[in-house]
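To keep things clear, I will list the structure first and then write my remarks on it.
Residue numbers (this note's numbering): 1064 to 1139.
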């Protein structure tokens, strides 16, 4: 049980780091866009979309691990 708690704790912090990095990259993207590099902004936004798409699954998986139940959620 302790291993599961440790795993959940580590994964939760990694998830929080991912969210924070995504927010920082988004802010940099806005700054770059204000200076006219729209092609760079489009590439960054497309990459950030992957983070957003995976966030729901990660959240459900963390909840499932924390509660000790098996989740039927599957990554696409």
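We treat Cβ as the ideally placed atom computed from N, Cα and C, and that holds for glycine.
Quick one: measure Cβ to Cβ for residue 1078 and residue 1125, integer angstroms, because I've assumed they're closer than 8 Å. Position 15 of the chain shown holds residue 1078. Position 62 of the chain shown holds residue 1125. 7 Å between Cβ atoms; contact.
Do residue 1104 and residue 1096 have their CB atoms nearer than 7 Å? To locate residue 1104, count along the chain shown from 1; it is residue 41. To locate residue 1096, count along the chain shown from 1; it is residue 33. In this structure, the beta-carbon distance from residue 1104 to residue 1096 falls below 7 Å.
If you drop the 5 nearest sequence neighbours on each side, which residues of the same chain put their C-beta closer than 7 Å to that of residue 1108? Stepping through the chain shown from its first residue, residue 1108 is reached at position 45. Around residue 1108: 1092.
Contact belief for residue 1076 with residue 1131 at Cβ below 8 Å, rounded distance in angstroms: The sequence position of residue 1076 within the chain shown is 13, counting from 1. The sequence position of residue 1131 within the chain shown is 68, counting from 1. Contact check for residue 1076 and residue 1131: beta-carbon distance about 19 Å, past the 8 Å limit, so the pair fails to qualify.
Could you spell out where the alpha helix (DSSP H) holding residue 1130 opens and where it closes? Your numbering for residue 1130 matches position 67 in the chain shown. Per DSSP, the unbroken alpha helix (DSSP H) holding residue 1130 starts and ends at 1101-1130.
Take residue 1123 as the anchor and find which of 1069, 1074 and 1065 has the nearest alpha-carbon. The count along the chain shown starts at 1 and reaches residue 1123 at position 60. Nearest option by C-alpha distance: 1074.
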